[in-house]
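Enquirer: Just so we're aligned: the sequence shown equals residues -27 to -1, 1 to 632 in mature numbering (1 follows the signal peptide of the UniProt record, and there is no 0).
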Amino acid sequence: MAISNPRVTYIKWTLLVLALFAHSCNGFYLPGSYMHTYSKAQEIVTKVNSLTSIETELPFSYYSLPYCKPPEGIKKSAENLGELLMGDEIENSAYRFKMNVNKTLYLCTTHPLTEHDVKLLKQRTRDLYQVNMILDNLPAMRYAYQNGVKIQWTGFPVGYTPPNSKDDYIINHLKFRVLIHEYEGSGVQIIGTGEEGPSVISEAEKKKASGFEIVGFEVYPCSIKYDPDTMKKKSMYQSIPDVNCPSELEKSQIIREQERVSFTYQVEFVKSDIRWPSRWDAYLKMEGARVHWFSILNSLMVIFFLAGIVFVIFLRTVRRDLTRYEELDKESQAQMNEELSGWKLVVGDVFREPDSSKLLCVMVGDGVQITGMAVVTIIFAAFGFMSPASRGMLLTGMIILYLFLGIIAGYVAVRMWRTIKGTSEGWRSVSWFVACFFPGIVFLILTVLNFILWGSNSTGALPISLFFVLLSLWFCISVPLTLLGGFLGTRAEAIQYPVRTNQIPREIPARKYPSWLLVLGSGTLPFGTLFIELFFILSSIWLGRFYYVFGFLLIVLLLLVIVCAEVSVVLTYMHLCVEDWRWWWKAFFASGSVSLYVFLYSINYLVFDLQSLSGPVSAILYLGYSLIMATAIMLSTGTIGFLMSFYFVHYLFSSVKID
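1) Which same chain residues end up closer than 8 angstroms to W427 when comparing Cβ atoms and leaving out the 5 residues on each side of it in sequence?
2) Could you please give me the residues that DSSP links to M114 through a beta bridge?
3) With distance defined between alpha-carbon atoms, name the residue in V590, T497, I380, I613 nearest to Y574.
4) Less than 8 angstroms between the beta carbons of Q103 and S26, yes or no?
5) For my contact list, L454 and F406 are in at a C-beta cut-off of 8 angstroms; report their separation, rounded to the angstrom.
6) With a threshold of 7 angstroms on Cβ separation, who are the neighbours of L526 within its own chain once the five nearest residues in sequence on each side are excluded?
7) With a cut-off of 8 angstroms, do at least 3 Cβ pairs link the region 83 to 91 to the region 208 to 227?
8) Could you round the C-beta distance between residue 717 and T502 to whole angstroms and report it? I think they count as a contact, below 8 angstroms.
9) Which residue or residues does DSSP assign as beta-bridge partners of K485?
10) Does the pairing of the region 459 to 472 with the region 537 to 545 give three or more beta-carbon distances under 8 angstroms?
11) Evaluate the contact criterion for the region 456 to 465 versus the region 394 to 405: three or more CB pairs, one atom per stretch, below 8 angstroms.
12) Any beta carbon of chain B sitting closer than 8 angstroms to that of V522?
13) Exposed or buried, which one is M209 when buried takes at least 16 other CB atoms within 10 Å?
14) Please go through the same chain and pick out, in chain order, the residues whose beta-carbon is closer than 7 angstroms to the beta-carbon of M346, but skip the five residues on each side of it.
15) Assess, as a yes-or-no matter, whether the region 314 to 331 is touched by the region 60 to 77 under the definition of 3 or more beta carbon pairs within less than 8 angstroms.
16) Please specify which runs of the alpha helix (DSSP H), each continuous and at least 4 residues long, are wholly inside the region 336 to 377, giving them in chain order.
17) Determine the closest residue to L443 out of F424, V421, V91, V415, with distance taken between C-alpha atoms.
18) If you follow the alpha helix (DSSP H) that A605 is in, where does it begin and where does it stop?
19) Where does I510 fall in DSSP's three states?
20) Nearest-angstrom Cα distance between F615 and K559?
21) Look at A408 and S363 and say whether their C-beta atoms are less than 8 angstroms apart.
22) Give me the Cα-Cα distance between residue 635 and E232, rounded to the nearest whole angstrom.
23) Considering only the beta carbon of each residue, do A117 and I107 sit closer than 8 angstroms?
24) Can you give the beta carbon distance from N105 to V188, rounded, assuming they're within the 8 angstroms contact cut?
25) Per DSSP, which residues does N75 bridge with? Please list them.
26) Taking 8 angstroms as the cut-off, decide whether the C-beta atoms of G132 and D141 are in contact.
27) Is the beta carbon of L24 closer than 8 angstroms to that of V590?
28) For V571, does the three-state DSSP call read helix, strand or coil?
29) Starting from the Cα of L285, find the closest Cα among Y546, M114, V243, A592 and give me that residue.
30) According to the neighbour-count rule (16 or more other Cβ atoms, all chains shown, within 10 Å of its Cβ), is Y620 buried or exposed?
31) Measure the alpha-carbon distance for F358 versus L257 and round it to whole angstroms.
32) For L270, does the count of other Cβ atoms within 10 angstroms reach 16, so buried, or fall short, so exposed?
33) Classify Y35 as helix, strand or coil using the three-state DSSP reduction.
34) Grab the span of the beta strand (DSSP E) containing V240 for me, first residue to last.
35) Which runs of the alpha helix (DSSP H) spanning at least 4 residues fall entirely within the region 384 to 428, listed in chain order?
36) Counting only the same chain and skipping the five closest in sequence on each side, list residues whose C-beta sits under 7 angstroms from that of I606.
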């Protein structure tokens, strides 16, 4: 009689359950917002966001210009923290559609343009301001041809200035092309993470949800000169004959005082094979994939080069010296101690307290907090939890993560403080400094920039109420958690030094060149890992492009961590070999100096890639935000390098038996 193996039986049952579960599961789609289906002739309302320009980077309200207002009045949409910080101001608009109904409609005719209106329209036109419209959470897409190449943009211009002309013309007729897909109820569950909140379409709701999905939103703008007296007689949303965009300037609407501008629009619904889960693909087309891979391969070469150096240090130099040393008897060791050279000479000084030790602990604590925030945010984004469809979600997530990671920052900083000082005395002061250091720098820079934005009447200026909200979040969440982390750090076991520190510090031999020169130069290696991806990130921030290659960014981040750790270890070992025991700050800035190159690259990007950026206000804003980014990178990369060097030195000297 055959006896069945219990383990085999268990595996069979497990596979059977998994197979049944997989068969019963529906497909899931995570990024984006809740799918909205529309019935035939159902009314659809478009929304407008702030006017934006790559020339000034100063957003302004849509209704700051003499556009048609909706009959029910202007209503602002609910915005999250990230949208408010980015200067978004989403409001309802006068443009209305009826699902799958093609029409050309009259909107309104303005009062005669005043001198102020003309000045503002001309200024916004010359500064290349774009109108950003939203339909069913999709931004309006515009296609243009430059040198025979098809280029896509989000939004459409306020107006245009013909070549060799001093006159400006306003865009007053919009042709909308709405791509729709008939919803078939295919058994796919949709999980939304967008502005409407997490939701699931159940089987019972599928019949109710039958209808049309909006899968594309395109706009074709033009300028048309209408007879204002004739148009004024029409009522809002009255049908008018189809119009063709004129090519002659005489038939276009000029921006001039006492001119009355009539606004019209045409909507065309086109059935498409694009499915709702794929509707963002047109916006997120990844350009330059080969460049991203080149960046990663370049980083891998740097890593292997540095790994080779670390391998030589550990296996050929350090391990060889330690093996020879351990094979000697006590008398031979005592004799050898007198003949020591290189890193073995600084054994009594290597753990001597560094200058400004409290500041070092504070910066390491903040660096751990920023690094944790970056890693978790990029992982979530790489898995699609922070889709561009969820506006402001990325920034909101980063802020929330930063606030709650204060507990880790306080713990690491206080534990490092105990290790250096040998006592917990002063841990509250260290915790408070950790809670205030980086947020204080950001708050100071943002306050200065906010005064500049207030002076320009930009929607990018943070309202006073938002300042109080941010301060409340910081004081009620981040500060208590940082203090709690500091308290836990006092309860944790302090890291014990493997060797004793001499009372009298050893004299450091004179160097032919300053050691800080080598420290600053070492930042070029981590920068080589980062700079190609940095170009795409800066382009997405300042040129209004979508950045959604977070998979590449996650790989680059991991490579950056490895390079920073290797660079710092190699540089620390080099300093110890020349009897320089003041390695603490040098280990921090060996990898942290990459921030200097990031800031210099940002200036280079401003000069050569943002040539259209006009005015000192825009340049100050750009440099201010770049300074915040560079400071965060310095704290993060410096912390990675310092912690790796600390454990390297601890391991190295824990193997040395010297009294």
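Note that beta-carbon positions come from the ideal geometry of N, C-alpha and C, so glycine has one too.
Expert: According to the structure shown:
1) A434
2) T127, E191
3) T497
4) yes
5) In fact, because the Cβ distance is near 15 angstroms, the residues do not count as touching under 8 angstroms.
6) I351, E506
7) no
8) Missing from the structure shown is residue 717; the chain here goes from -27 to 632 and no further.
9) DSSP, once it has assigned bridges, lists no residue as partnering K485.
10) no
11) yes
12) No chain B is present in this structure, which holds just one protein chain.
13) exposed
14) M371, L374, Y375, L378
15) no
16) 366 to 377
17) V415
18) 589 to 627
19) helix
20) 8 angstroms
21) no
22) No information on residue 635 is available, as it lies outside the stretch -27 to 632 that the chain covers here.
23) no
24) Going by Cβ atoms, the distance from N105 to V188 rounds to 19 angstroms, so no, they are not a contact pair.
25) Per DSSP, none; premise fails for N75.
26) yes
27) no
28) helix
29) Correcting the residue type first, residue 285 is Val in the shown sequence and not Leu. Looking at the Cα atoms, Y546 is the closest of the given residues.
30) exposed
31) 15 angstroms
32) exposed
33) helix
34) 235 to 244
35) 400 to 428
36) V567, S568, V571
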